[in-house]
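For the sequence shown, the positions run 1 to 496 when the UniProt record's numbering is used.
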Amino acid sequence: MSLLQQDIDALRVKPLSAARNFINNKWCDAQSGATMDVTSPIDGSVLTSLADSDKADIDMAVEAARSTFEAGTWSHMAPSERKKIMLKWADLIEQNALEIAVTGVRDNGTDIRMAYKGEPLMAASTIRFYAEAVDKRNGEITPTSKDVLSLIHKEPVGVVGIIIPWNFPLMIGAWKLAPALAAGNSLVLKPSEEATLSTLRIVELAAEAGLPAGILNVVTGRGASVGEALALHMDVEVLAFTGSGGVGAKLLEYSARSNMKRVYLELGGKSPNLVFADAPDLEQAAAETAASIFRNNGQVCVAASRLMVEEPIYDGFVKAVCKHAENLRIGDPLSLENNTGALANAMQLEKTKAAISQAQQQGADLRTGGEALHSESGGYFHQPTVLANVTGEMDVVQQEVFGPVLAARSFTTEDEAISFANETVYGLSSVIWTKDISRAHRAISRIKSGMVQVNCFSGADVTAPLGGVRQSGNGVDRSLHAFEKYENLKAAWIKL
Ligand code: NAD
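As C-alpha cells, this is what we get:
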C-alpha cells in the first residue's frame, strides 16, 4: 500500500487513550493509581498518560501468566491451533498497520515510511514466520542401544519476561514475543516508557485474534521499578532483553540475586564499516554508508557508526557521505516530505550534542552537521553529523552514541582495517565493501561480530539470526534458532 498524506493527517490528530496495563486480556490501571506523562518527540507536547506501575502490578501479571501456563490453556494447545490464532493476529496487525504506525511515530519520532514498514508490517511477518514454523518442528530420538528408547522433547520454559527498548518496539518485540508464544509459553512484557502506545495496540489485537487471557500480559512504566521487579521475580524462568549494556549488566545481577533465570541480552553496538578502494560501486557504498548511520537518526542497534576508508579514497569518500547526509530532509516524521524524523527524547538529543562536542575537543574534525534543528518546534531534531580523522582512543569511537553521528578515519592495510574494526568492546554488526572475494571471506572470519555484511547493508530478514558477541549480548533474535531461548530440552529414557 502506498502511503497518503491525508490518511496520515487524519490519524495523527486522533485522541490517544491513556495507556494502561493489559493483564488477563483486561485493561487495568497501576494498583497504586500512579500515572506518568507520555511526551511527543515531535513537539514536546503531552500526548496522553501511562500507568506508572510497580512490583505489585508485575506480581499480578506474573501470577496470571503462571496460572494460565500451568492450566495448559496455551502451552498444551495443539501447535496447529496456536498457529491459527497467531496468523489471525498477524492479519489484524496488517489490517490496522497505518493506524499502529502513526501511533508509534507520535510516541517515538521515527519517520512514517520506516515506521510503517519496519514496525507493524515487520511485526506481522515475524509473527507469521514463527506461527508457520511451530507445527513443523519435531522432537528427536537418539541412537542408544536397542533395549532403551531415548527421546528429546522440546518444552516451553514457562513464564517468559520480555523487556524492550523504544526504537522499533514492534519489530524487536515481535522478534521475542513470536517465538516465545509459538513455543507455548506465557509472557509478561514490559515496553519502554518512551514508546509504549503501539505495543499496547498490538497486544489488544492478539486478544481479538483469540489469544486466551493471561498468555500475553503487559505492564507499563519505568525500568527501575517495573523492569527491575520483572527481572527479580522468582517465578520468571527466562528474561529476554533488548536495550543498553548498562541495563543488561543489571539484569544479569538481578538474575543471580533471584532465581538464576536465563537472561538473553541484545545490547548496543559500535559497528564498523570498512570501505576498500576496490569496492564494486563506491557511489552506492557512500549512499548506503550514510543510510546505515543516519536512518532513524542512528537509533538503530546495527547502525554502522564507525567508518574506516582505505587511504587513497578516504577524502573523496567522506565528502560523498557528507553530501548524502546534507541531502536528508529532517523534520516532522509524519510528513511524507521528510525522510528522517525526531530523536526519541530530550535525553537522546543531549547525548548526541555532548558526544559531538566532546569528539571535537578530543581532536575530531567536524565535516558536516553538528547542530540541533527546529528547536522552535519543541521537538528533538538534529543534523546528521560526520566527524573525520578520529582515533581509537576517542569516546566517539569507543562508546555508542545512538544518535546521527558518524566517526570516520582512514586505514592503509587490511590488517589495520580489521584491527580498527575489532577495537571496541562491542560485536553486533559490521560491513565491508570490496570486490576481492578472498578478502571478504577473511574479513568474515576475522571481524568479531554477530553479523558481517559484504557490499550491502541489508541484513534485516527474519530468516537469519541477529545477535551480538562480546558486550553486544548473547543468544539470538530472529531465525528458527530463536526458539532455543524459549524452550527446554527434556531427555526421556524408556526401557523397552
Ligand atoms: P535502555 O537499556 O535504557 O532501556 C531498555 C529497556 O530496559 C526499557 O524498557 C527500560 O525501561 C528498561 N530498563 C531500564 N532500567 C532497567 C532496570 N534497572 N531493570 C530492568 N529494566 C530496565 O535502552 P533504550 O535506551 O531503551 O534503547 C537503546 C539501547 O538499546 C541502545 O544501547 C541500543 O543499542 C540497544 N538496542 C539493541 C538492539 C539489539 O538488537 N542488539 C536493538 C535495539 C536497541
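Every residue gets a Cβ at the ideal spot worked out from N, C-alpha and C, and that includes glycine.
Alpha carbon to alpha carbon, what distance is there between residue j and residue i?
i	j	result
alanine 354	serine 53	32 Å
leucine 252	valine 263	7 Å
threonine 196	leucine 170	10 Å
phenylalanine 168	valine 157	26 Å
threonine 434	alanine 286	13 Å
isoleucine 127	aspartate 147	42 Å
alanine 178	alanine 131	7 Å
glycine 118	glutamate 194	18 Å
glutamate 414	isoleucine 432	11 Å
alanine 364	serine 225	39 Å
asparagine 185	valine 159	6 Å
methionine 60	leucine 489	29 Å
glutamine 399	glycine 475	22 Å
isoleucine 447	isoleucine 437	15 Å
phenylalanine 22	phenylalanine 483	25 Å
leucine 496	arginine 137	26 Å
threonine 142	isoleucine 494	12 Å
glycine 370	serine 419	28 Å
glutamine 361	glutamine 299	24 Å
arginine 409	arginine 367	12 Å
isoleucine 356	valine 405	8 Å
valine 340	asparagine 259	The residue asked about is misnamed: residue 340 is threonine in this sequence, not valine. Computed Cα separation, rounded: 43 Å.
glycine 227	valine 469	24 Å
asparagine 422	leucine 466	18 Å
valine 302	proline 272	10 Å
glutamate 350	alanine 372	9 Å
In terms of alpha-carbon separation, which member of the options lies closest to residue i?
i	options	result
aspartate 111	Val188, Met394, Arg12, Phe457	Arg12
alanine 492	Ala320, Ala18, Leu149	Leu149
alanine 183	Met77, Val302, Glu228	Met77
aspartate 395	Ala407, Thr385, Pro384, Val386	Ala407
glutamine 383	Pro191, Gly331, Ile23	Gly331
glycine 37	Ala18, Asp29, Cys28	Residue identity check: residue 37 is aspartate in the sequence provided, not glycine. Among Ala18, Asp29, Cys28, the Cα nearest to that of aspartate 37 is on Ala18.
leucine 211	Ala97, Ala90, Val46, Pro143	Ala90
threonine 385	Ala421, Gly467, Asp7, Arg295	Arg295
lysine 84	Ser377, Ala133, Ser45	Ala133
aspartate 471	Leu265, Phe420, Ile494	The question names aspartate, but residue 471 is glutamine in the sequence shown. Among Leu265, Phe420, Ile494, the Cα nearest to that of glutamine 471 is on Leu265.
arginine 257	Asn327, His233, Ile202, Asp29	His233
isoleucine 8	Pro312, Leu98, Thr68, Ser75	Leu98
aspartate 461	Ala174, Leu4, Arg113	Ala174
leucine 387	Pro465, Asp57, Thr352	Thr352
leucine 121	Leu151, Thr144, Ser198, Val397	Ser198
aspartate 43	Pro333, Thr35, Lys55, Phe276	Pro333
valine 318	Met347, Asn389, Leu349, Asn338	Asn389
aspartate 57	Gly221, Ala372, Leu87	Gly221
To which residues of the same chain is residue i closer than 7 Å at the C-beta, ignoring the five residues directly before and after it?
i	result
serine 244	Leu267, Gly268
asparagine 25	Ala207, Ala213
proline 41	Asn108, Gly109, Ala342, Leu343, Ala344, Asn345, Gly379, Tyr380
alanine 290	Val321, His324, Ala325
proline 165	Ile172, Ser192, Thr242, Gly243
histidine 374	Gly331, Phe381
alanine 440	Ile432, Thr434, Val454
lysine 14	none
Report all residues from its chain with a CB closer than 6 Å to the CB of residue i; omit the five preceding and five following residues, and keep chain order.
i	result
serine 80	Asp135
leucine 189	Ile162, Val218
alanine 115	Ala101, Gly104, Val105
valine 452	Ser430, Ile444
alanine 231	Leu239, Leu251, Tyr254
residue 500	Residue 500 falls outside the range modelled here, since the chain spans only 1 to 496, and no answer is possible.
aspartate 29	Arg20, Ala51
glutamate 283	none
Can you give the beta carbon distance from residue i to residue j, rounded, assuming they're within the 8 Å contact cut?
i	j	result
lysine 270	threonine 424	5 Å
residue 508	leucine 187	Outside the displayed span of the chain (1 to 496) sits residue 508, for which this structure offers no information.
valine 247	valine 62	Their Cβ separation, rounded to whole angstroms, is 20 Å, which puts valine 247 and valine 62 out of contact at 8 Å.
glutamate 487	lysine 261	At roughly 15 Å, the Cβ-Cβ gap does not stay under 8 Å, so glutamate 487 and lysine 261 are not in contact.
isoleucine 93	alanine 71	In fact, because the Cβ distance is near 27 Å, the residues do not count as touching under 8 Å.
isoleucine 172	threonine 73	Actually they are not in contact, since the Cβ atoms of isoleucine 172 and threonine 73 sit about 26 Å apart, beyond 8 Å.
serine 458	glycine 427	Contact doesn't hold; Cβ gap of about 19 Å is too wide.
leucine 16	threonine 39	The Cβ separation is near 12 Å, so there is no contact.
methionine 308	phenylalanine 411	5 Å
isoleucine 293	alanine 279	Not quite, the Cβ-Cβ distance comes to about 17 Å (not below 8 Å), so this is no contact.
valine 397	arginine 329	At roughly 29 Å, the Cβ-Cβ gap does not stay under 8 Å, so valine 397 and arginine 329 are not in contact.
So, at 8 Å on beta carbons, what are the nonlocal neighbours of residue i in its own chain, with the 5 sequence-adjacent residues on each side left out?
i	result
threonine 463	Phe129, Arg478, Ser479
serine 45	Thr39, Gly378
glutamate 204	Phe22
alanine 277	Glu310, Pro312, Ile313
glutamate 140	Leu151, Ile152
For chain C, check one thing: does any of its Cβ atoms lie closer than 8 Å to the Cβ of residue i?
i	result
isoleucine 100	The structure shown contains no chain C, having only a single protein chain.
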